[in-house]
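A.B. asks:
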Amino acid sequence: MSYKNLAFASVTLQSYFMLSPVAARSVFIRCQAIRARSLFSRSRSRTFCFAASTAVSMGKKVGTHNGTFHCDEALGCFMIRLTDKFSGAEIVRSRDQKVLEEMDAVLDVGGIFDPEKDRFDHHQRGFDQTFGRGFNTKLSSAGLIYKYYGPEIIAKELNVDIKHPDVDRVYVALYKSFVEAIDAIDNGINQYDVTDAPKYVDNTNLSARVGKLNPDWIEDQSSEKENAAFVQAMEVTGREFLEALRYQAKSWLPARIIVANCLAARFEVDESGEIMVLKQFCPWKLHLFELEEELKLKPTMKYVLYQDERNNQWRVQAVAVAPGQFESRKPLPAAWRGLRDDELSQETGISGCVFVHISGFIGGNHTFDGVLAMARRALQLS
Numbered sequence: 001m002s003y004k005n006l007a008f009a010s011v012t013l014q015s016y017f018m019l020s021p022v023a024a025r026s027v028f029i030r031c032q033a034i035r036a037r038s039l040f041s042r043s044r045s046r047t048f049c050f051a052a053s054t055a056v057s058m059g060k061k062v063g064t065h066n067g068t069f070h071c072d073e074a075l076g077c078f079m080i081r082l083t084d085k086f087s088g089a090e091i092v093r094s095r096d097q098k099v100l101e102e103m104d105a106v107l108d109v110g111g112i113f114d115p116e117k118d119r120f121d122h123h124q125r126g127f128d129q130t131f132g133r134g135f136n137t138k139l140s141s142a143g144l145i146y147k148y149y150g151p152e153i154i155a156k157e158l159n160v161d162i163k164h165p166d167v168d169r170v171y172v173a174l175y176k177s178f179v180e181a182i183d184a185i186d187n188g189i190n191q192y193d194v195t196d197a198p199k200y201v202d203n204t205n206l207s208a209r210v211g212k213l214n215p216d217w218i219e220d221q222s223s224e225k226e227n228a229a230f231v232q233a234m235e236v237t238g239r240e241f242l243e244a245l246r247y248q249a250k251s252w253l254p255a256r257i258i259v260a261n262c263l264a265a266r267f268e269v270d271e272s273g274e275i276m277v278l279k280q281f282c283p284w285k286l287h288l289f290e291l292e293e294e295l296k297l298k299p300t301m302k303y304v305l306y307q308d309e310r311n312n313q314w315r316v317q318a319v320a321v322a323p324g325q326f327e328s329r330k331p332l333p334a335a336w337r338g339l340r341d342d343e344l345s346q347e348t349g350i351s352g353c354v355f356v357h358i359s360g361f362i363g364g365n366h367t368f369d370g371v372l373a374m375a376r377r378a379l380q381l382s
């Protein structure tokens, strides 16, 4: 990789740290200056420094190991540079213990876990740290950085105080949906018990894609090639982390709030408390299950009503017994299933009926009053 291209990669990487144009330009100039004095150290320790510091943390250094890299330390290096303490810090790749001792933070190498001193290795004997909150997966360096610095990163993205309850909600959700898999893969933990040979190979997950960024055995094995690839790995993992975080902030969290508010109003819909109306359609299923468990709701929800704006109709959907299951807690009555329009209205005694699916998991009516009547009638029938 040429120094010109490396400079461009550095600037691209900085774009994900949300630097101003002035700061980004200074990074580019700095990278050009590196061309004259060599970015890559060729000492016996094979230490590599990626320098793109900002005024916030000028002089801070974050150490990780050189050699073959993995998803966890690439993401960990990206995340730690999103913090105020280490914003734009220099990344130093080395296994030289003397070099690592001089670092302000060290992750995935060094044999020490001490968050007060910003030491985040997970390979040493006796290490058993998990995220907590019911998660049992042993942490990698990515999980460690996320555990201790995640709330700050999330609060910045949400533009709220770190103690705001939404920060904690996203913190847990993002670990579950994004970071935990990286921890598990790095620690060699299977997603499920394996008794048979897999039916296909999956080399498309983030950890696998980062692994492929390492120089191939037939390619140039120089430190320059390896270190340039690590910068690319930081960029790839960082981009996907921010995409996942912003999805949680812009889609997941607002949907959760909608479902929570609708759950709170369930007794206004029907005295049974088993029918919920979505005032605004959103992805609701996982939120409903999580909120029911979190709030220990009894009785559980049986039907969710929402408007199908494309057809200007209303839907009644039976809630599944569990996430990802096809079986419903209380499917719509068997006598209604597979019927449509007038035939269905005659069978139910409710005007405006449109259909009921053959499995009984969903039905439709032209009006809200009609679909509510269908849900109430279904509750009464076995």
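Residue 1 is where the sequence shown starts when you use UniProt numbering, and the numbers rise one by one after that.
Even glycine gets a Cβ: it sits at the ideal position worked out from N, Cα and C.
Give me the DSSP bridge partner(s) of R315.
C.D. replies: Indexing the sequence shown from 1 puts residue 315 at position 315. The partner list for R315 (beta bridge, DSSP) reads Y306, G364.
A.B. asks: Looking only at its own chain, which residues have a Cβ that is under 7 Å from the Cβ of Y149, when we skip the five neighbours before and after it?
C.D. replies: Start at 1 with the first residue of the sequence shown, and residue 149 comes out as number 149. Excluding positions up to five away in sequence, the list reads M79, I80, T83.
A.B. asks: Can you look up N66 in the DSSP assignment and give me helix, strand or coil?
C.D. replies: Locating residue 66 in the sequence shown gives position 66, where the first residue counts as 1. N66: coil per DSSP, three-state reduction.
A.B. asks: Quick check: the segment 341 to 357 against the segment 278 to 298, are there 3 or more CB pairs under 8 Å?
C.D. replies: Segments in contact, no.
A.B. asks: Anyone know if the C-beta pair for Q313 and N365 falls short of 8 Å?
C.D. replies: Translated into the one-based positions of the sequence shown, residue 313 becomes position 313. Translated into the one-based positions of the sequence shown, residue 365 becomes position 365. In contact: Q313 and N365 (Cβ atoms closer than 8 Å).
A.B. asks: For the pair the segment 60 to 67 and the segment 177 to 190, tell me if three or more CB-CB distances fall below 8 Å.
C.D. replies: The segment 60 to 67 vs the segment 177 to 190: no contact.
A.B. asks: Taking the C-alpha atoms as reference points, what is the distance between Q97 and L107?
C.D. replies: Residue 97 sits at position 97 when you count from the first residue of the sequence shown. Residue 107 sits at position 107 when you count from the first residue of the sequence shown. Rounded to whole angstroms, Q97 to L107 spans 13 Å at the Cα level.
A.B. asks: Please return the same chain residues whose Cβ sits closer than 6 Å to the Cβ of V321, not counting the five positions on each side in sequence.
C.D. replies: If you number the sequence shown from 1, residue 321 lands on position 321. Same-chain partners within the cutoff: E327, R329.
A.B. asks: Straight-line CA distance for R246 to E152?
C.D. replies: Locating residue 246 in the sequence shown gives position 246, counting from the first residue. Locating residue 152 in the sequence shown gives position 152, counting from the first residue. Roughly 14 Å between the two C-alpha positions.
A.B. asks: Could you check what DSSP says for R340 in three-state terms: helix, strand or coil?
C.D. replies: Residue mapping note: residue 340 aligns to position 340 of the sequence shown, counting from 1. Residue state, collapsed to three classes: strand.
A.B. asks: Quick check on DSSP: helix, strand or coil for K61?
C.D. replies: As a working note, residue 61 is residue 61 in the sequence shown. K61 falls in the strand class under three-state DSSP.
A.B. asks: Quick check: what's the CA-CA separation for A33 versus E90?
C.D. replies: Position 33 of the sequence shown, counted from the first residue, corresponds to residue 33. Position 90 of the sequence shown, counted from the first residue, corresponds to residue 90. Summary for A33: the model assigns pLDDT 36, below 50, so the residue's position carries little reliability; its value from the coordinates is reported in the next sentence. So the alpha carbons of these two residues sit roughly 15 Å apart.
A.B. asks: Is it buried or exposed, R93, if we count other Cβ atoms within 10 angstroms and call 16 or more buried?
C.D. replies: Numbered from 1 along the sequence shown, position 93 holds the residue referred to as residue 93. Counting Cβ neighbours within 10 Å, R93 comes out buried, since at least 16 surround it.
A.B. asks: Is R133 helix, strand or coil when you go by DSSP?
C.D. replies: On the sequence shown, residue 133 is found 133 positions in, with the first residue counted as 1. Note: R133 maps to coil in three-state DSSP.
A.B. asks: Using the C-alpha atoms, what's the distance from P254 back to N159?
C.D. replies: Along the sequence shown, read from residue 1 onward, the residue named residue 159 stands at position 159. Along the sequence shown, read from residue 1 onward, the residue named residue 254 stands at position 254. Their Cα atoms are separated by approximately 15 Å.
A.B. asks: Are A155 and I145 touching if we call contact CB-CB under 8 Å?
C.D. replies: In the sequence shown, the residue the question calls residue 155 occupies position 155. In the sequence shown, the residue the question calls residue 145 occupies position 145. No, the pair does not count as a contact, with Cβ atoms beyond the cut-off.
A.B. asks: Would L206 and A229 be called neighbours here (beta carbons separated by less than 8 Å)?
C.D. replies: By one-based count along the sequence shown, residue 206 stands at place 206. By one-based count along the sequence shown, residue 229 stands at place 229. Result no, Cβ atoms of L206 and A229 do not sit closer than 8 Å.
A.B. asks: For L379, I'd like the list of residues in its chain whose CB is within less than 8 Å of its CB, leaving aside the five on either flank, ordered along the chain.
C.D. replies: As a position in the sequence shown, residue 379 is number 379, starting the count at 1. Cβ within range, chain order: D270, S272, E274, I275, K302, Y303, K330.
A.B. asks: As an exercise, report each continuous alpha helix (DSSP H) stretch of at least 4 residues that is fully enclosed by the segment 76 to 142, in chain order.
C.D. replies: Here the runs fully enclosed are 97 to 101.
A.B. asks: At the level of alpha carbons, what is the spacing between H287 and G324?
C.D. replies: Residue 287 sits at position 287 when you count from the first residue of the sequence shown. Residue 324 sits at position 324 when you count from the first residue of the sequence shown. Going by the C-alpha atoms only, they are around 13 Å apart.
A.B. asks: Our contact map puts F120 next to F127 with C-beta atoms below 8 Å; I'd like the distance itself, whole angstroms only.
C.D. replies: Locating residue 120 in the sequence shown gives position 120, where the first residue counts as 1. Locating residue 127 in the sequence shown gives position 127, where the first residue counts as 1. With a Cβ gap of about 10 Å, F120 and F127 do not count as contacting.
A.B. asks: Roughly how many angstroms separate the alpha carbons of A7 and Q232, rounded to a whole number?
C.D. replies: As a working note, residue 7 is residue 7 in the sequence shown. As a working note, residue 232 is residue 232 in the sequence shown. In this prediction, A7 has a pLDDT of 38, which is less than 50 and means its spatial position is unreliable; what the coordinates show is noted afterwards. Going by the C-alpha atoms only, they are around 12 Å apart.
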